[in-house]
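K.L.:
In the working numbering, the protein residues as written are 1157 to 1416.
(1) Measure the alpha-carbon distance for residue 1271 versus residue 1202 and round it to whole angstroms.
(2) Can you tell me whether residue 1268 is buried or exposed? The criterion is at least 16 other CB atoms within 10 Å of its CB, across all chains shown.
(3) Can you tell me whether residue 1192 is helix, strand or coil according to DSSP?
(4) For residue 1374, which residues does DSSP report across the bridge?
(5) Check whether the Cβ atoms of residue 1343 and residue 1369 sit closer than 9 Å, and answer yes or no.
(6) Compute the Euclidean distance between the alpha carbons of residue 1259 and residue 1208, then round it to the nearest angstrom.
(7) Excluding the 5 residues flanking residue 1210 on each side, which residues of the same chain have their C-beta closer than 8 Å to its C-beta?
(8) What residues in its chain sit with their C-beta under 6 Å from that of residue 1315, if we drop five residues either side in the sequence?
(9) Where does residue 1403 sit, in a helix, a strand or coil, going by DSSP?
(10) Would you report the Cα separation of residue 1310 and residue 1302, rounded to the nearest angstrom?
(11) On the DSSP bridge assignment, give the partners of residue 1292 in chain order.
(12) If the criterion is Cβ atoms closer than 9 Å, does the pair residue 1222 and residue 1404 meet it?
(13) Counting only beta-carbon atoms, is residue 1340 nearer than 9 Å to chain D?
(14) How long is the line joining the alpha carbons of residue 1220 and residue 1238, rounded to whole angstroms?
(15) Please determine, among 1347, 1402, 1394, the residue with the shortest C-alpha to C-alpha distance to residue 1215.
(16) Check residue 1336 in the structure and name its three-state DSSP category.
(17) Among 1252, 1265, 1383, which has the Cα closest to the Cα of residue 1194?
(18) Report yes if the C-beta distance between residue 1329 and residue 1281 is below 9 Å; otherwise report no.
(19) Can you check which of these residues, 1183, 1389, 1378, 1387, is closest to residue 1199 by C-alpha distance?
(20) Would you give the residue range spanned by the alpha helix (DSSP H) that residue 1250 belongs to?
Here's what the structure looks like:
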């Protein structure tokens, strides 16, 4: 009887040792998968925040008139303030939605770009950007005008925050580039919404005479956990591009009244 117990004990030892070896091999993999899922959750939360900001900015712009706050042909620095609507600039004050809330830790002292709805997503003026475009549709599917119609943007029909911010004048046209401020490689040459792309999406037979405002946010997401080897699979930082198109009644065409 004693011999049988000793034999069983000897046989059980290799199995236990094998279990420890398997656990040592599997545990790091399981831990990396768990941390990866946590990082994905952070990314999804940040992505939803970015989408919400573009929608809030589009809602803000949809009840304004861009002709009231029309930008100058030559941008004058330190003219506009997110905490003061006078003087009002349609494009700059719409971009203010992406600024940090007033008196938050993300607001530098005496910064003009504060008083927004952005407590979690920091707009880095060195790499991030906000692009605003306006379109007038005559009839059902024909775009007659795209704004801003000022000399600096006549051929582009967009307004970019990086070209007008006063915090960082060294980095312009951020939306065209990647997330490395030292790498000026152009990765795109046109915003998502252009006169051609919007006109292609319009449906024949839709309500006549419309106006639209397009808000695009180019944001560089930095991994929260910064896991080792994660940049082998996805870039870190990674560009998030969110956009919203919303009706803008103030720019829809109005019929010329017939003289009596």
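Glycine included, every Cβ here is placed at the ideal spot set by N, Cα and C.
P.N.:
Short version:
(1) 20 Å
(2) buried
(3) helix
(4) 1285, 1397
(5) no
(6) 21 Å
(7) 1371, 1372, 1373, 1398, 1399, 1400
(8) 1247, 1288, 1304
(9) strand
(10) Below a pLDDT of 50, predicted positions are generally treated as unreliable, and residue 1310, at 45, falls in that range; the measurement from the model is reported next regardless. If I take the Cα positions, the gap works out to 9 Å.
(11) 1301, 1367
(12) yes
(13) Protein chain content of the structure displayed is limited to a single chain, and chain D is not contained in it.
(14) 15 Å
(15) 1402
(16) coil
(17) 1383
(18) no
(19) 1378
(20) 1246 to 1251
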